[in-house]
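271 is the number that the working numbering gives to position 249 of the sequence shown; each next residue is one higher, with no gaps.
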Amino acid sequence: MIKPKQIILLLVIFSNVTFAQNPARQIFNLDLDWKFALGEMKGAEKARFNDKNWRTLNLPHDWSVEQIVNENEPAGGKGGYFPTGKGWYRKTFSMPRVKNGNKVMIEFDGVQMNSEVWINGHFLGKRPNGYIGFNYDITSFLVKGKNVLSVKVDNSAQPNSRWYTGSGIYRHVRLEIFNPVHIQKWGVYVTTPEITNEKAIVTVRVNLSNEKSDNQQGNLIAILKDKNGNEVAREQSVFELQGNSEKELVQYIQVDLPKLWNLESPHLYQLETIITDVKNKQIDELTTNIGIREIKYDVDKGFFLNGKHIKMYGVNVHQDGGPVGVAVPARVWERRLEILKEAGCNAIRTAHNPMAPEFYDLCDRMGFLVMNEAFDEWELGKVPEGYHKYFDDWSEKDLVSFIHRDRNHPAVVMWSVGNEIPEQSKAEGYKTLAKLIDICHREDPTRPVTSGCDKIAADNGSATLEFLKALDIVGYNYADRWHERRELMYSIDRHDHPDWKMIGTETGGLGGVRGNYSLGDNMEVVRPDYNYRMIGIEQRWKFTSLYDYVIGDFMWTGIDYYGETRWPGRGANSGILDNCGFPKDGYYFFQSHWKRKGEPMIHLFPHWNWEGREGQVIPVICYSNCESVELFVNGKSYGEKRLEFPRQGNSKAWNQYENPQINPTTADLHLSWDVPYEPGTLKAVGKRGGKIVLVEELKTTGKPASVRLTVDRSTIKAESEDVAHITAEIVDENGQLVPTAGNLIKFEIEGSAKLIGIENGNMKDQDNVKSSQRKAFNGLCLAIIQAQNSGKIKVRATSVGLTESSVEIEAEAVQLLPSL
Numbered sequence: 023m024i025k026p027k028q029i030i031l032l033l034v035i036f037s038n039v040t041f042a043q044n045p046a047r048q049i050f051n052l053d054l055d056w057k058f059a060l061g062e063m064k065g066a067e068k069a070r071f072n073d074k075n076w077r078t079l080n081l082p083h084d085w086s087v088e089q090i091v092n093e094n095e096p097a098g099g100k101g102g103y104f105p106t107g108k109g110w111y112r113k114t115f116s117m118p119r120v121k122n123g124n125k126v127m128i129e130f131d132g133v134q135m136n137s138e139v140w141i142n143g144h145f146l147g148k149r150p151n152g153y154i155g156f157n158y159d160i161t162s163f164l165v166k167g168k169n170v171l172s173v174k175v176d177n178s179a180q181p182n183s184r185w186y187t188g189s190g191i192y193r194h195v196r197l198e199i200f201n202p203v204h205i206q207k208w209g210v211y212v213t214t215p216e217i218t219n220e221k222a223i224v225t226v227r228v229n230l231s232n233e234k235s236d237n238q239q240g241n242l243i244a245i246l247k248d249k250n251g252n253e254v255a256r257e258q259s260v261f262e263l264q265g266n267s268e269k270e271l272v273q274y275i276q277v278d279l280p281k282l283w284n285l286e287s288p289h290l291y292q293l294e295t296i297i298t299d300v301k302n303k304q305i306d307e308l309t310t311n312i313g314i315r316e317i318k319y320d321v322d323k324g325f326f327l328n329g330k331h332i333k334m335y336g337v338n339v340h341q342d343g344g345p346v347g348v349a350v351p352a353r354v355w356e357r358r359l360e361i362l363k364e365a366g367c368n369a370i371r372t373a374h375n376p377m378a379p380e381f382y383d384l385c386d387r388m389g390f391l392v393m394n395e396a397f398d399e400w401e402l403g404k405v406p407e408g409y410h411k412y413f414d415d416w417s418e419k420d421l422v423s424f425i426h427r428d429r430n431h432p433a434v435v436m437w438s439v440g441n442e443i444p445e446q447s448k449a450e451g452y453k454t455l456a457k458l459i460d461i462c463h464r465e466d467p468t469r470p471v472t473s474g475c476d477k478i479a480a481d482n483g484s485a486t487l488e489f490l491k492a493l494d495i496v497g498y499n500y501a502d503r504w505h506e507r508r509e510l511m512y513s514i515d516r517h518d519h520p521d522w523k524m525i526g527t528e529t530g531g532l533g534g535v536r537g538n539y540s541l542g543d544n545m546e547v548v549r550p551d552y553n554y555r556m557i558g559i560e561q562r563w564k565f566t567s568l569y570d571y572v573i574g575d576f577m578w579t580g581i582d583y584y585g586e587t588r589w590p591g592r593g594a595n596s597g598i599l600d601n602c603g604f605p606k607d608g609y610y611f612f613q614s615h616w617k618r619k620g621e622p623m624i625h626l627f628p629h630w631n632w633e634g635r636e637g638q639v640i641p642v643i644c645y646s647n648c649e650s651v652e653l654f655v656n657g658k659s660y661g662e663k664r665l666e667f668p669r670q671g672n673s674k675a676w677n678q679y680e681n682p683q684i685n686p687t688t689a690d691l692h693l694s695w696d697v698p699y700e701p702g703t704l705k706a707v708g709k710r711g712g713k714i715v716l717v718e719e720l721k722t723t724g725k726p727a728s729v730r731l732t733v734d735r736s737t738i739k740a741e742s743e744d745v746a747h748i749t750a751e752i753v754d755e756n757g758q759l760v761p762t763a764g765n766l767i768k769f770e771i772e773g774s775a776k777l778i779g780i781e782n783g784n785m786k787d788q789d790n791v792k793s794s795q796r797k798a799f800n801g802l803c804l805a806i807i808q809a810q811n812s813g814k815i816k817v818r819a820t821s822v823g824l825t826e827s828s829v830e831i832e833a834e835a836v837q838l839l840p841s842l
């Protein structure tokens, strides 16, 4: 078990396997032209079953998000009231020529859930877990001519999760042809025992299989290239494999003057792993991206990346992508991560299951730290049909697959084996935890293991204490809510257990409904996104920032998600981004802190459209990283106020966060003015060092006059992983966003493209997200466009009584894997 005062993890890791075509290993895209039908289809596993009248579609596919929510759906509020059920997929394809003796594998990145797979009527296997990739050897079942792959998906037993899971083959599918002497699935594992500025020693472990009956000899070649394709280093060794055997080979590569992977410059190399026979004929190859970096966890000083202290500014995220459901094109996640990074976010917790492979590739490339989480349930269930039903039979296999898939990503810096597990306070809980930790350490001894815990020893006795003591890093879910002493659990446990490493796996965030500001019964404006809970968040964040032994904080949540709701809602409004990716006010609070020394920023709220409330006092709140801000209303100053960020001090000073005597207008991390409402202009003047560095204005707008469209990128690729995000704004005659507008917007597309999702961030709007129209919500709406072929695409938006708008996008052809 990893329990020293300092954990030093030296790692070179690979990600983003490049599926390059070569004679040794052929890889084909199986995403296109599937037949699909909802419901139980008797005999659909048979090759000659008639699927002529089934729907034709491309993968990835989520059938739940395509349908209308209904209060009576079995998934209930946990699943966002989306339909689930059973579905069938069938793919007919002709095999390319396969060299005698070569192997053929079908590979799924994820099917939600309880998948059963057949090839030409032959049953291949079942996988209950919808978050784990799997593969089947289909070599012996192939026939000349047409082959038929059949997949049954059973997501009918509900509720089986505490949030929206989607339904279907929602991740990619591939077919691979390779030599019987080959690199095993996820069979390359790379670490470094040494990293300095002068050199890095790269250890490459390669697991080979020989599925021939006779012994095989050959060469293992590792070639490291820089981002421009120039060779940096190589190593070559010989091997011999007994017939029908497996073997791990180890190589050591010295990299001179290595460029390290970090958050500001996430440098990635390419590693080519090649197998040749004794005549130097290539028989297998994998090309991957790798990052070289050192991570260290210190019980007193927290987390270090390449020797630099880093506080984890983290968020929790679920895997749905809003209107695309869980079949999420990579660009949807890329845009969301870009927006989070702009706030200063540097870490992601995958709540509470593994994400799609391409998500981790993005985190590698963009420079995010990842707490990678495996399970939300063990043997004791939280929902009637949850993973606890499969845990005993499948947990080790699922966990090993999960670690093997992701252990080479530079972004992944710790494993989490659970979240709010009921076993925390049970005698058997420690035994289960110990088993899972042992698996993690066995399969990847380079990273520590945590779990999101919401029980404490002080209230639950010795069983909980043993559970927490077993963790490499103790993960705290809501450390500020646990104890009647009203002290952060960090400070309590720091006193009682000074050898524990600590991290906030889940902490309170600033969600709410984007742009919603209401009036109280006493006709005073309710402080938007601000109450005594907000005071607690400020005090907790000050504590986390001040004390280095707290490794970091993963706020709940980064982005709104479907599920965990009550009717008539479809999802949770806990994010600092809504499910369109539009920032809420809370986003700017965290930006003001996470980028405290960055570019000046000011955010004022609420909006300044309060017709009929003239003279009524409205609290104007400001988030800023300036030293001081002066507020003007129509030219009249309401005073300059300073943001006093606390210096290092006694934790007791910050533990009265729930005390109602605290005046929210004098809290340290925001500013507030009480202003009698009058239409016009709010102006905030921000200063640093006594000099004006930023001026921000918030104006009263006129009535809706036009739709304004903007697109995140004017050029996209004509392939399934790329999309264009089109933001529709309702603006007045001066081009100002009308913050209360709810006009219905209709979208029309010219060119070879389709609208794959439309949302507005209003979780109570139950219109179909796959339609071509939607009401704006507080002035905004989002449409996601996917190109089908290269060429020009024009998107037009209209709304009754408003001036229309359009944008043009150029779709470029891209070379993809060949399809079958």
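Positions of the beta carbon are idealized from the N, C-alpha and C atoms, including for glycine.
Please read these numbers as outputs of a predicted model, since none were measured by experiment.
Proximity below 7 Å, CB of residue i to CB of residue j
| i | j | result |
| --- | --- | --- |
| Y539 | P628 | yes |
| S86 | G240 | no |
| D386 | I425 | no |
| A760 | T732 | It should be noted that the sequence gives Val, not Ala, for residue 760. Result no, Cβ atoms of V760 and T732 do not sit closer than 7 Å. |
| N338 | A373 | yes |
| Y412 | P150 | yes |
| F200 | R357 | no |
| E401 | Y409 | no |
Close beta carbons around residue i, own chain, < 7 Å, minus the five adjacent residues each side
| i | result |
| --- | --- |
| W589 | E93, G99 and Y103 |
| N75 | none |
| V791 | V87, P345, G779, I780 and E781 |
| N595 | G533, G534, V535, D582 and M785 |
Residue i, buried or exposed, once every other Cβ within 10 Å from all chains shown has been counted against 16
| i | result |
| --- | --- |
| L279 | exposed |
| Q683 | Note that Q683 has pLDDT 34, beneath the 50 cutoff, so the model's placement of it is unreliable and the number below is only indicative. That one is exposed. |
| A449 | exposed |
| A750 | buried |
| V836 | exposed |
| E834 | exposed |
| I714 | exposed |
| N122 | exposed |
| S513 | buried |
| D131 | buried |
| I296 | buried |
| I525 | buried |
Cβ-based neighbour list, residue i, same chain, cut-off 6 Å, excluding 5 preceding and 5 following
| i | result |
| --- | --- |
| G823 | none |
| I141 | I160, F163 and L171 |
| K797 | G764 and L766 |
| G634 | none |
| V434 | V392, N394 and D428 |
| S423 | I154 |
| F654 | K705 |
N- and C-terminal bounds of the alpha helix (DSSP H) containing residue i
| i | result |
| --- | --- |
| Q613 | D607 to W616 |
| W848 | What the structure shows of the chain is the stretch from 23 to 842, and residue 848 is not part of that stretch, so it cannot be assessed. |
| T486 | S484 to A492 |
| D383 | P379 to M388 |
| A775 | Segment A775 to E781 is the beta strand (DSSP E) holding A775; no alpha helix (DSSP H) there. |
Residues sharing a beta bridge with residue i, DSSP
| i | result |
| --- | --- |
| H625 | Y645 |
| E834 | K739 |
| A706 | L653 and E718 |
| E138 | K148 and K174 |
| S231 | H204 and E268 |
| F71 | F71 is not bridged to any residue. |
| Q276 | I223 |
First through last residue of the beta strand (DSSP E) which encompasses residue i
| i | result |
| --- | --- |
| C803 | L802 to A809 |
| M436 | V434 to N441 |
| L197 | V195 to F200 |
| E257 | E253 to L263 |
Residues near residue i in its chain [Cβ-Cβ closer than 8 Å; skip 5 each side]
| i | result |
| --- | --- |
| P622 | S646, N647, C648, G708, R710, V715 and L716 |
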